[in-house]
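Asker: Residue numbers (the UniProt record's numbering): 1 to 209. Where is the CB? At the ideal position from N, CA and C, for every residue including glycine.
#1: Enumerate, from N- to C-terminal direction, the unbroken alpha helix (DSSP H) stretches of 4 or more residues contained entirely within the region 19 to 86.
#2: Going by DSSP in three states, residue 114 sits in which element: helix, strand or coil?
#3: May I have the straight-line CA-CA distance separating residue 44 from residue 88, to the nearest angstrom?
#4: Return the CA-CA distance between residue 122 and residue 14, expressed in angstroms with no decimal places.
#5: In the region 128 to 186, which residue ranges form an unbroken beta strand (DSSP E) of at least 3 residues, counting only runs that do not cross its ends?
#6: Under the rule that 16 or more other beta-carbon atoms within 10 Å means buried, what is residue 49, buried or exposed?
#7: Would the beta-carbon of residue 8 fall within 8 Å of that of residue 38?
#8: Tell whether a beta-carbon distance below 8 Å holds between residue 163 and residue 124.
#9: By alpha-carbon positions, which one of 160, 166 and 93 ends up nearest to residue 128?
#10: Please report the straight-line C-alpha distance between residue 62 and residue 26, rounded to a whole angstrom.
#11: Nearest to residue 22 by CA position, among 57, 40 and 67, is which residue?
#12: What did DSSP end up calling residue 7 once you bin it into helix, strand or coil?
#13: Candidates 105, 64 and 78: which alpha carbon is nearest residue 188's?
#14: Can you tell me the Cα-Cα spacing of residue 73 and residue 79, whole angstroms?
#15: Compare the Cα-Cα distances from residue 1 to each of 157, 99, 149 and 183 and report the closest residue.
#16: According to DSSP, residue 14 sits in a beta bridge with which residue or residues?
#17: Within 10 Å of its beta-carbon, does residue 141 have 16 or more other beta-carbons around it, so buried, or fewer, so exposed?
#18: Roughly how many angstroms separate the alpha carbons of residue 24 and residue 76, rounded to a whole number?
#19: Please tell me whether residue 102 and residue 3 are closer than 8 Å, where the distance is taken between their beta carbons.
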């Protein structure tokens, strides 16, 4: 589990395709903080995608496998050597939950539609895949490439967020330009509520009076 509070921006050093291009990948990322106490099998969120550490070099880099499902359903397929990425280690049980509950399970890929600079902040608008915005609420939480953000507005096409100076400087969101793709993870509570309500409705429909 993660909180959506990015610990550092790492750099992609290498992408290998042992099974062939567009099949699966091994991602090597330089992240001195994220890898400082990492062990094989640990989880690190890379742009909001929970990946398992499969290699450690000792020079501040770690390697992670990226399965075909992750390549298909996230924006990790857009990465190239030299790309900057948001990194967060799995949260400890005794740590503060500074953002919100983030699983690292991407629900869809969005795209930056526009950004409007403010005095000390930027307002960003993202598109979202059809049907995903039903889980997004104004003033609710959403993870954008692993960053926990508060939604400023939402409609059927997408949603808006406002980025403070810290977020602009400490995450890759500060350098996004319109057209860039991002990983989206909606609040897991919304999905569970929908599941429980639909299960309850199905049970009521099948009840015999």
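Answerer: Well, looking at it:
#1: 32 to 36 and 68 to 73
#2: One-based indexing of the chain shown puts residue 114 at position 114. The answer is strand: DSSP assigns residue 114 an E or B state.
#3: Counting from 1 along the chain shown, the entry for residue 44 is found at position 44. Counting from 1 along the chain shown, the entry for residue 88 is found at position 88. The alpha-carbon atoms of residue 44 and residue 88 are separated by roughly 6 Å.
#4: Counted from its first residue, the chain shown places residue 122 at position 122. Counted from its first residue, the chain shown places residue 14 at position 14. Cα to Cα, the separation comes out at about 31 Å.
#5: Taken in chain order, the complete beta strand (DSSP E) segments of 3 residues or longer contained in the region 128 to 186 are 141 to 144, 147 to 154, 158 to 163 and 181 to 186.
#6: Counting from 1 along the chain shown, the entry for residue 49 is found at position 49. Under this definition residue 49 is a buried residue.
#7: Here residue 8 refers to the residue found at position 8 when the chain shown is read from its first residue. Here residue 38 refers to the residue found at position 38 when the chain shown is read from its first residue. The answer is no: Cβ separation not under 8 Å.
#8: Stepping through the chain shown from its first residue, residue 163 is reached at position 163. Stepping through the chain shown from its first residue, residue 124 is reached at position 124. Taking 8 Å as the Cβ cut-off, residue 163 and residue 124 qualify as a contacting pair.
#9: As a position in the chain shown, residue 128 is number 128, starting the count at 1. Considering only alpha carbons, the answer is 160.
#10: Residue mapping note: residue 62 aligns to position 62 of the chain shown, counting from 1. Residue mapping note: residue 26 aligns to position 26 of the chain shown, counting from 1. Their Cα atoms are separated by approximately 10 Å.
#11: Residue mapping note: residue 22 aligns to position 22 of the chain shown, counting from 1. Checking every option, the nearest Cα to that of residue 22 belongs to 67.
#12: Residue 7 sits at position 7 when you count from the first residue of the chain shown. Here DSSP, grouped into helix, strand and coil, assigns residue 7 to coil.
#13: Working through the chain shown from its first residue, we reach residue 188 at position 188. Ranking 105, 64 and 78 by Cα distance to residue 188 puts 105 first.
#14: The count along the chain shown starts at 1 and reaches residue 73 at position 73. The count along the chain shown starts at 1 and reaches residue 79 at position 79. If you take the alpha carbons of residue 73 and residue 79, they lie about 14 Å apart.
#15: The residue you call residue 1 lines up with position 1 of the chain shown. Comparing Cα positions, the closest option is 99.
#16: To locate residue 14, count along the chain shown from 1; it is residue 14. According to DSSP, residue 14 bridges with 28.
#17: What you label residue 141 is simply residue 141 of the chain shown in a count that begins at 1. Label assigned to residue 141: buried.
#18: Numbered from 1 along the chain shown, position 24 holds the residue referred to as residue 24. Numbered from 1 along the chain shown, position 76 holds the residue referred to as residue 76. Cα to Cα, residue 24 sits roughly 11 Å from residue 76.
#19: Within the chain shown, the letter at position 102 stands for residue 102. Within the chain shown, the letter at position 3 stands for residue 3. Yes, the Cβ-Cβ distance between residue 102 and residue 3 is below 8 Å.
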